[in-house]
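S.K.: Count along the sequence shown from 1, add 106, and you get the number used in the working numbering.
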Amino acid sequence: MRNLRSIGIAAGLALSVSVPALNAFASEPTVPPVPATFPAEGKIKYVARDSILEFKALPEYHEPGWVTEKFVKAGKLPPVKERLPKEPLVFKTGNMPNGVGVYGDTMRHVIGGRPEGWNYGAGQTQGWGGIDIGLSECLTRTAPLFQVEAKDTEPLPNLAKSWDWSADGHKLIMHLVEGAKWSDGVPFNADDVMFYWDDEVMDPNVSPLNGATQETFGVGTTLKKIDDYTVEWTFKDAFPKQHLYAMAYGTFCPGPAHILKPQHPKYSKNTYDQFKNAFPPEYMNMPVMGAWVPVEYRADDIIVMRRNPYYWKVDEKGNQLPYLNELHYKLSTWADRDVQAVAGAGDFSNLEQPENFVASLKRAAEPNAPARLAFGPRLIGYNLRLNFSANGWGNPDERGQALRELNRNEDFRKAVTMALDRKALGDSLVKGPFTAIYPGGLSSGTSFYDRKSTVYYPFDLEGAKAELAKAGLKDTDGDGFVNFPAGTAGGKNVEIVMLVNNDYTTDKSLAEGVVAQMEKLGLRIVLNGLNGTQRDATQYSGRFDWLIRRNEQELTSVVQNTVQLAPVGPKTSWDHRAPESGEVDLMPFEKDLVDIVNKFVSSADNNQRASLMRDFQKISTEHVYNIGLTEYPGALIINKRFSNIPQGTPIFMFNWAEDSIVRERVFVAADKQAKYELFPEELPGKPGDKGPM
Ligand code: BQZ
Ligand code: CA
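Shown next, in the form of structure tokens:
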């Protein structure tokens, strides 16, 4: 019989040596628990894609009476028929929940952002919350597709009224709406499309808001003008239908070339900075293709928009849209948007901060509540993202560089993810069935989600500490925080700067939760809280170690902003971009993710696409590519006086609800109209003029 003692010692040694290892796998990687159900109301009524809109000429057109009386008869505007395209975009009555509407009234938005200026194409924000969505009309439109079954969906026509693929699928001929005009009466045509493409997307010195680059539309893609109303895309892949989604909001919404071009450095003595800032918030009546035009701006108070007399969309009776004459954007906070909406002082909110769930639900449940509140799917999620660039993006100092090397160390990332108590994080926002364990990767609310393909490293603090030790970090000076190895960053405590958006209570709550939980692991986190605009600028320049960011469309719809799933190009990822060299230093598993995304984008086979996304989910969660914190449902809050709000509209999927409810066909019945208009019977003035006319 073998010497019992030696077995004992060996076993003992084995036990002692492998204790951390044993602990590390005390919690085997698994799949996330099935999330609790919650009171989601408003089942979506699914419709066929072509039942929503079409382009066609109608026998007659109409406009609000006061426009005819005060503007057309006074010779200030041509007759409405001349202000419309040959074949305007016609919203079909069958898809309008309450049918053809009437003119009048206002929608009062409240937003937490602030306008930098009107140069969307050069990367200026107008304050979010639906402003840029309303101003920007894009080649295609996807937000209303939430009501179309995933299998037969394809982006809707918009500024591009139709498109044809070449036989080999490498070319796409796109036909633009003919005869549409900017809100100042100047024709819209291919020159606007080409200015956006050549002088904003393709110009490396210009970064449009929402970050479109050449790779957004496929590596190597080109675009050229054929004639005033035709442009031609050329793609490396055959039939990459996916790119039609990238031609929707956020990434292909051309600005007015006749106003922008003269300020662009290629055509003027302006610097790129002067170009970007050529249209400050005070510049009124910026020409738009959208339904409303900015006519009044009072800093930290309000932006007022008036109906665009050249808007190129009508209802089936020929009534020129929009029905609503005026839009307000009260410049407040995101949390106040919820409060004002449920109280009836504002008209709209995406309830997306769980801290406000209970109070909002209570108020909306009262018999005389002014607003409807309806929860949608679990599509609001947060991720902790690590800066993976070790070749210079953001010019890190020695400490920052050492951190990025750590971020690239899988043992380090496993330590972080296993030290997160996601249940506690969710409960810190709101108790109840709303929040769910979210390991990272695709949102559980998207049709591409597959729980079995999602690797979840459960909360296990001891196991996490073992992983941290494996990553070579020890607390060498006994103060409770691990140190860099001697010779790296002076062997000082590892100190991680985490970038957070100060505009949201939720972002700050989660950040504080992460700081506290990382402290138990022995990692010292320092918060860098900035407002949304500064956070974006800091993030896009790579000046961060870690980042807490709410999920965007690539994780909630997959088909929108798809290239943001992985570093497909030098500037497509949220947390891994190229330095000046243009090279992204991809880690091996990232190369696999990039391959998968490129294959997904160039595939038209739905089964293959679903399988590719399962592969993506497996690889990205197994390698802890992004570290999920929590996810939960949002609720749409809309004042009850509005009609034509599609039932079950999600606050966020292909885009935000400001787009999905199709505001241009929302109306208020005559007997419910309120007197909120600040500029009744007035229209936008000339570009740059003060106020409406
Ligand atoms: C919705 C949205 C409309 C941006 C913004 C803001 C920016 C981000 C994000 C959301 C706000 C509202 O989100 O929170 O409910 O109204 O505007 O655009 O968070 O800071 O950069 O991606 O969409
Ligand atoms: Ca220490």
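Idealized CB from N, CA, C, for every residue including glycine. Note that the structure is a prediction, hence the values are computed from the model and not measured.
Can you tell me which of the three DSSP states Glu-134 falls into?
M.R.: As a working note, residue 134 is residue 28 in the sequence shown. DSSP places Glu-134 in coil when its eight states are reduced to three.
S.K.: For a test of your reading of the model: does the CB of Thr-582 fall under 7 Å from any non-hydrogen atom of ligand 2? Yes or no.
M.R.: What you label residue 582 is simply residue 476 of the sequence shown in a count that begins at 1. Yes, since a heavy atom of ligand 2 falls inside the 7 Å radius drawn around the Cβ of Thr-582.
S.K.: Under a Cβ-count criterion, where at least 16 other Cβ atoms within 10 Å of its own Cβ denotes burial, should Gln-714 be classed as buried or exposed?
M.R.: In the sequence shown, the residue the question calls residue 714 occupies position 608. The residue is exposed, with fewer than 16 neighbouring Cβ atoms inside 10 Å.
S.K.: Report the three-state DSSP secondary structure of Lys-792 (helix, strand or coil).
M.R.: For the purposes of this step, residue 792 is taken as residue 686 along the sequence shown, with counting starting at 1. The answer is coil: DSSP assigns Lys-792 none of H, G, I, E or B.
S.K.: May I ask you to check if the CB of Phe-587 is nearer than 7 Å to at least one heavy atom of ligand 2?
M.R.: What you label residue 587 is simply residue 481 of the sequence shown in a count that begins at 1. Yes; taking the cut-off as 7 Å, the Cβ of Phe-587 has a heavy atom of ligand 2 nearer than that.
S.K.: Output yes or no for whether 8 Å exceeds the beta carbon distance between Met-280 and Val-337.
M.R.: One-based indexing of the sequence shown puts residue 280 at position 174. One-based indexing of the sequence shown puts residue 337 at position 231. Contact flag set, yes.
S.K.: Ends of the beta strand (DSSP E) at Asn-634?
M.R.: The count along the sequence shown starts at 1 and reaches residue 634 at position 528. Where Asn-634 is concerned, the enclosing beta strand (DSSP E) starts and stops at 630-636.
S.K.: Could you tell me the distance, in whole angstroms, from the CA atom of Ala-116 to the CA atom of Leu-531?
M.R.: Counted from its first residue, the sequence shown places residue 116 at position 10. Counted from its first residue, the sequence shown places residue 531 at position 425. Note that Ala-116 scores a pLDDT of 40, beneath 50, so its modelled location is shaky; the value from the coordinates is reported in the next line. The alpha-carbon atoms of Ala-116 and Leu-531 are separated by roughly 42 Å.
S.K.: What is the rounded straight-line gap between the Cα of Gly-754 and the Cα of Lys-149?
M.R.: What you label residue 754 is simply residue 648 of the sequence shown in a count that begins at 1. What you label residue 149 is simply residue 43 of the sequence shown in a count that begins at 1. Their backbone Cα atoms lie some 5 Å apart in a straight line.
S.K.: By the three-class DSSP mapping on this structure, what secondary structure does Pro-400 have?
M.R.: The residue you call residue 400 lines up with position 294 of the sequence shown. Reduced to three states, the DSSP call for Pro-400 is strand.
S.K.: Since I believe Pro-360 is in contact with Tyr-302 (beta carbons under 8 Å), could you give me their beta-carbon distance rounded to a whole number of angstroms?
M.R.: Here residue 302 is taken as the residue at index 196 of the sequence shown, counted from 1. Here residue 360 is taken as the residue at index 254 of the sequence shown, counted from 1. So it is a contact: roughly 4 Å between Cβ atoms.
S.K.: For ligand 1, list every residue whose C-beta falls under 5 Å from any of its heavy atoms, going in chain order.
M.R.: Trp-234, Gly-235, Asn-456, Gly-638 and Trp-762
S.K.: Going by C-alpha distance, which of Lys-187, Lys-697, Gln-670 and Arg-747 is nearest Trp-418?
M.R.: Your numbering for residue 418 matches position 312 in the sequence shown. Considering only alpha carbons, the answer is Lys-187.
S.K.: Between which two residues does the alpha helix (DSSP H) carrying Leu-616 extend?
M.R.: One-based indexing of the sequence shown puts residue 616 at position 510. DSSP places Leu-616 in the uninterrupted alpha helix (DSSP H) bounded by 611-627.
S.K.: Helix, strand or coil: which one does DSSP assign to Ala-780?
M.R.: Along the sequence shown, one-based indexing puts residue 780 at 674. Coil.
S.K.: List the endpoints of the continuous alpha helix (DSSP H) containing Val-703.
M.R.: Translated into the one-based positions of the sequence shown, residue 703 becomes position 597. Note, Val-703: alpha helix (DSSP H), 694-707.
S.K.: So what's Val-125 in DSSP terms, helix, strand or just coil?
M.R.: For the purposes of this step, residue 125 is taken as the residue at position 19 of the sequence shown. Residue placement at Val-125 is flagged as unreliable, the pLDDT there being 42, under the threshold of 50; a coordinate-derived value is accordingly withheld.
S.K.: What do you reckon, is the C-beta of Asn-225 under 7 Å from a heavy atom of ligand 2?
M.R.: Sequence index remark: in the sequence shown, residue 225 carries index 119 (1-based). Checking the Cβ of Asn-225 against ligand 2 gives no.
S.K.: Taking the CB atoms as reference points, tell me whether Thr-340 and His-276 lie closer together than 8 Å.
M.R.: For the purposes of this step, residue 340 is taken as residue 234 along the sequence shown, with counting starting at 1. For the purposes of this step, residue 276 is taken as residue 170 along the sequence shown, with counting starting at 1. Yes.
S.K.: Along the chain, where does the alpha helix (DSSP H) containing Trp-440 start, and where does it finish?
M.R.: For the purposes of this step, residue 440 is taken as residue 334 along the sequence shown, with counting starting at 1. From DSSP, the alpha helix (DSSP H) with Trp-440 extends over 440-449.
S.K.: Buried or exposed: where does Asp-211 fall if 16 or more other Cβ atoms within 10 Å of its Cβ makes it buried?
M.R.: Working through the sequence shown from its first residue, we reach residue 211 at position 105. Classification of Asp-211: buried, given that the 10 Å Cβ count is 16 or more.
S.K.: Any heavy atom of ligand 2 closer than 7 Å to the CB of Asn-515?
M.R.: On the sequence shown, residue 515 is found 409 positions in, with the first residue counted as 1. Asn-515 Cβ: outside cutoff for every heavy atom of ligand 2.
S.K.: Taking just the CA atoms, how far does Ala-521 sit from Ala-130?
M.R.: Against the sequence shown, residue 130 aligns to sequence position 24. Against the sequence shown, residue 521 aligns to sequence position 415. Confidence at Ala-130 is low in this model, with a pLDDT of 45, below 50, so the placement of that residue is unreliable and no value is reported for it.
S.K.: Out of Leu-509, Ser-272 and Leu-699, which one is the CA nearest neighbour of Lys-342?
M.R.: Indexing the sequence shown from 1 puts residue 342 at position 236. Of the listed residues, the one whose Cα sits closest to Lys-342 is Ser-272.
S.K.: Apart from the five residues on each side of it in sequence, which residues of its chain come closer than 6 Å, Cβ to Cβ, to Ser-313?
M.R.: Taking the sequence shown and counting its residues from 1, the one referred to as residue 313 is at position 207. Correct list, in chain order: Gly-229.
S.K.: Counting along the chain, where does the beta strand (DSSP E) carrying Ala-363 start and finish?
M.R.: In the sequence shown, residue 363 corresponds to position 257, counting from 1. Unbroken run through Ala-363 is the alpha helix (DSSP H), 363-366; no beta strand (DSSP E).
S.K.: At what residues does the beta strand (DSSP E) containing Val-420 begin and finish?
M.R.: In the sequence shown, counting from the first residue as 1, residue 420 sits at position 314. Note, Val-420: beta strand (DSSP E), 419-421.
S.K.: According to DSSP, Asp-270 sits in a beta bridge with which residue or residues?
M.R.: As a position in the sequence shown, residue 270 is number 164, starting the count at 1. Note: Asp-270 sits in a beta bridge opposite Ile-279.
S.K.: Considering Cα atoms alone, identify which of Met-719, Ala-525, Glu-660 and Phe-197 is closest to Gly-487.
M.R.: Taking the sequence shown and counting its residues from 1, one reaches residue 487 at position 381. Closest option to Gly-487, Cα to Cα, is Glu-660.
S.K.: Ligand 2 and Asn-599: does any heavy atom of the ligand fall closer than 7 Å to the residue's C-beta?
M.R.: Taking the sequence shown and counting its residues from 1, one reaches residue 599 at position 493. Yes, ligand 2 has a heavy atom inside 7 Å of this Cβ.
S.K.: How about Arg-519 and Pro-739: do their beta carbons lie closer than 8 Å?
M.R.: For the purposes of this step, residue 519 is taken as residue 413 along the sequence shown, with counting starting at 1. For the purposes of this step, residue 739 is taken as residue 633 along the sequence shown, with counting starting at 1. The answer is no: Cβ separation not under 8 Å.
S.K.: Suppose the cutoff is 6 Å on Cβ atoms and the five residues either side in sequence are ignored; what does the same chain contact list for Asp-290 look like?
M.R.: Here residue 290 is taken as the residue at index 184 of the sequence shown, counted from 1. Excluding positions up to five away in sequence, the list reads Pro-393 and Pro-793.
S.K.: With H, G and I counted as helix, E and B as strand and the rest as coil, what does DSSP make of Gln-459?
M.R.: Sequence index remark: in the sequence shown, residue 459 carries index 353 (1-based). In the structure shown, Gln-459 sits in coil (DSSP, three-state: anything other than H, G, I, E or B).
S.K.: Pick out whichever of Pro-460, Leu-457, Phe-454 and Val-448 has its Cα sitting closest to the Cα of Asn-474.
M.R.: Within the sequence shown, residue 474 is the residue found at index 368, counting from 1. The option with the nearest alpha carbon to Asn-474 is Val-448.
S.K.: Report buried or exposed for Ala-180, applying the criterion of at least 16 other Cβ atoms within 10 angstroms of its Cβ.
M.R.: Locating residue 180 in the sequence shown gives position 74, where the first residue counts as 1. The residue is exposed, with fewer than 16 neighbouring Cβ atoms inside 10 Å.
S.K.: Use the C-beta contact count for Ala-384: other C-beta atoms within 10 angstroms, 16 or more gives buried, fewer gives exposed.
M.R.: By one-based count along the sequence shown, residue 384 stands at place 278. Label assigned to Ala-384: buried.
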